[in-house]
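Visitor: If you're matching positions, the sequence shown starts at 2 in the numbering used here and goes up one per residue. Backbone N, C-alpha and C define an ideal beta-carbon position, used for all residues, glycine too.
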Amino acid sequence: MKKIYPIILIFLVVGVYGQTDLLDDLEEEEKVESEYAEATFKGTRIINLQSCELPAPGVMQFMFMHRFGAFSEDYLYNFFGLDQAVVRLSLDYSFTHWLNVGIGRSSRSKTADAFSKIRLFRQQTGQKNIPLTAVLYSTFNVDGTRPPEDLPFYPSSRLSYSHQLILARKFNERLSLQLTPTLVHFNMVETRAQQNTLFALGFSGRYKINNRVAITAEYMMQLPNNTYYDRVLQEEVAYNNSFSIGLDIETGGHVFQLHLTNSSNLADPLWISRTTGSWGNGDIYFGFNISRVFTIKEPDRAEEPTW
2 MKKIYPIILI FLVVGVYGQT DLLDDLEEEE KVESEYAEAT FKGTRIINLQ SCELPAPGVM
62 QFMFMHRFGA FSEDYLYNFF GLDQAVVRLS LDYSFTHWLN VGIGRSSRSK TADAFSKIRL
122 FRQQTGQKNI PLTAVLYSTF NVDGTRPPED LPFYPSSRLS YSHQLILARK FNERLSLQLT
182 PTLVHFNMVE TRAQQNTLFA LGFSGRYKIN NRVAITAEYM MQLPNNTYYD RVLQEEVAYN
242 NSFSIGLDIE TGGHVFQLHL TNSSNLADPL WISRTTGSWG NGDIYFGFNI SRVFTIKEPD
302 RAEEPTW
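So, in structure tokens, the structure goes:
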């Protein structure tokens with residue numbers, strides 16, 4: 002009997018170690034790190050539309066957007082559209098990996114704006130499986146043009162707003178798609194036929210050709226279609242949906258975005274709901290976006306990837 006005790010003791014010890022190893026394996030499985038989708042899009046804008054991307058925490062971004070005049074507007078006489086150029090300047094800053102705020106100024110309608118971008122959740126696999134990235138984007142806009150002298154001036158009538166829910170998915174290393182439900186509100190409209198609040202739905206995508214070049218496209222469909230008064234035709238005419246195609250070229254950490262679009266406006270409420278240009282009539286505007294980032298504050302710890 003005394004000879005059996007050491008054998009039983011050995012089996013008990015081995016059993017305890019085996020159980021410990023099993024618990025360690027289970028804990029290791031629970032510690033699986035999340036893998037986030039990186040570079041769903043290469044910039045914070047696709048063309049006109051905001052993308053799901055935010056600059057990294059502590060990073061300030063300066064963006065310059067430019068549109069030449071339309072091909073149909075005496076293009077050569079207007080120096081390849083340069084004489085009718087529209088520009089927008091903006092500056093934004095990311096306080097955290099989920100919050101970005103900024104200000105901007107567009108030359109068309111002299112519109113000043115403030116905006117915020119809040120990431121709700123991010124596409125990831127591993128500890129959590131989330132198939133989409135979701136971001137809330139909102140803008141507050143002020144029309145800076147001088148009001149007519151013969152009409153009363155109400156400051157609130159110059160205000161407009163836009164709100165977007167950005168839903169994006171990176172399917173693979175080449176293809177990313179985005180759906181953007183949108184609401185636009187104008188405190189004051191031009192005619193009784195126009196609506197103050199409009200709904201739109203944006204469709205956009207990116208296809209990566211190689212490590213440095215990608216094709217982009219976006220389409221903003223208005224729901225329902227709204228109208229404006231055409232002084233030449235002397236009747237109500239429907240605004241057009243915005244459609245744009247582009248080419249992203251990455252050079253040493255910077256992305257140059259070249260594109261063609263039927264929208265000349267750059268302020269969000271205007272290009273979304275007040276596009277008068279038509280691709281069929283040759284109202285096509287060539288333009289580009291250029292951004293430059295500055296690291297204002299180095300992160301204290303490693304953040305989840307944001308580009």
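Cα separation between R68 and V136?
Guide: 27 Å
Visitor: Would you mind working out which of A38, S35, P56 sits nearest H326, comparing C-alpha positions?
Guide: Nothing in the structure corresponds to residue 326, since the chain is present only between 2 and 308.
Visitor: Assuming the contact rule is C-beta atoms closer than 8 Å, G203 and T183 should be a hit. Round their C-beta distance to whole Å, please.
Guide: 6 Å
Visitor: Counting only the same chain and skipping the five closest in sequence on each side, list residues whose C-beta sits under 8 Å from that of D231.
Guide: Contacts found: E237, V238.
Visitor: Cβ atoms of S117 and N142: under 9 Å apart, would you say?
Guide: no
Visitor: For C53, which residues from the same chain have a beta carbon less than 6 Å from its beta carbon, with the 5 sequence-adjacent residues on both sides left out?
Guide: For C53, the CB contacts under 6 Å within the same chain, skipping 5 residues up- and downstream, are T41, T134, V136, I167, A169 in chain order.
Visitor: Are the Cβ atoms of L224 and F200 separated by less than 9 Å?
Guide: yes
Visitor: In whole angstroms, give me the CA-to-CA distance for K378 and K129.
Guide: Summary: the structure shown does not reach residue 378, with the chain confined to residues 2 through 308, and so no result is reported for it.
Visitor: Under a three-way DSSP split, which group does D84 fall into?
Guide: helix
Visitor: Pull up the DSSP beta-bridge partners for F141, would you.
Guide: A115, Y162
Visitor: Quick check on DSSP: helix, strand or coil for V294?
Guide: strand
Visitor: Which residue from V60, D84, R175 puts its Cα closest to that of T97?
Guide: If we check each option's Cα against that of T97, V60 comes out closest.
Visitor: If you compare alpha carbons, which of S73, P58, V214 is closest to D249?
Guide: Answer by Cα proximity: V214.
Visitor: Tell me, to the nearest whole angstrom, how far the beta carbon of G247 is from that of L259; I am working on the premise that it is less than 8 Å.
Guide: That pair is a contact at about 6 Å.
Visitor: Helix, strand or coil: which one does DSSP assign to I285?
Guide: coil
Visitor: Could you check the C-alpha separation between R120 and Y155 for me, to the nearest Å?
Guide: 35 Å
Visitor: From Y138 to Q165, what does the alpha carbon distance come to, in whole angstroms?
Guide: 5 Å
Visitor: Which whole runs of the beta strand (DSSP E) in the stretch 234–261 are 3 residues long or more, in chain order?
Guide: 236–239, 243–252
Visitor: For F187, count neighbouring C-beta atoms within 10 Å of its own C-beta (all shown protein chains included) and say buried if the count is 16 or more, exposed if not.
Guide: buried
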